[in-house]
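Participant: Just dropping this structure here.
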Amino acid sequence: MRLLLDTHIFLWAITGSVSLKAKARKTIEAAEAVFVSAASIWEIAIKARLGKIDADPDVLVAAIEESGFIELPVRAAHAARVATLPPLHTDPFDRLLIAQAITEPLRMLTADAGLRAYGELVTLV
């Protein structure tokens with residue numbers, strides 16, 4: 848299985864947070880490949896600048912490779928796919944991640960139950 852980590856799952860995984868439950872850890876460890884979107888780093892950078900989270904985006908960029916994950920750039924096809932998504936969720940970062948998961952294809956690993964409405968490509972942990 849090829850996974851795309853939702854932003855919070857990525858943060859939990861690299862910080863060793865107890866918020867990342869055993870099921871999620873096992874899913875990540877068993878995956879053929881694990882991707883982190885450039886959109887997640889963008890989201891973190893914005894939230895850090897606004898003081899909503901305490902994170903250094905440059906450190907997190909390095910953590911992608913250090914953790915064995917693969918950076919997924921945002922491509923034009925990903926951005927275009929957002930326009931075809933049903934309006935099930937309003938967060939622009941989540942919508943882009945869903946579009947990337949559909950386009951690549953990847954399974955998106957998240958703890959956000961609101962994303963489950965996008966179907967089987969979403970794995971809720």
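Whatever position you read off the sequence shown (first residue = 1), add 847 for the working numbering.
C-beta atoms are modelled at their ideal positions from N, C-alpha and C, and glycine is treated no differently.
Specify whether the segment 913 to 923 and the segment 878 to 890 touch according to this definition: at least 3 beta carbon pairs, one from each stretch, less than 8 Å apart.
Facilitator: Touching, yes, given that three or more Cβ pairs across the two stretches are closer than 8 Å.
Participant: Assign D903 to buried or exposed, taking buried as 16 or more other Cβ atoms, counted over all protein chains shown, within 10 Å of its Cβ.
Facilitator: The residue is exposed, with fewer than 16 neighbouring Cβ atoms inside 10 Å.
Participant: Which ranges does the alpha helix (DSSP H) cover as unbroken runs of at least 4 residues, wholly within the segment 848 to 904, from first to last along the chain?
Facilitator: Entirely contained in the segment 848 to 904, the alpha helix (DSSP H) runs reaching 4 residues are, in chain order, 854 to 862, 869 to 877 and 885 to 896.
Participant: Relative to the C-alpha of L944, which candidate in E913, I888, A877 and V906 has its C-alpha closest?
Facilitator: When only C-alpha atoms are compared, the closest one is I888.
Participant: Compare the C-alpha of H855 against each of E879, M848, A878 and I891 and name the closest.
Facilitator: The option with the nearest alpha carbon to H855 is I891.
Participant: Would you call V969 buried or exposed, if buried means 16 or more other Cβ atoms sit within 10 Å of its Cβ?
Facilitator: Under this definition V969 is a buried residue.
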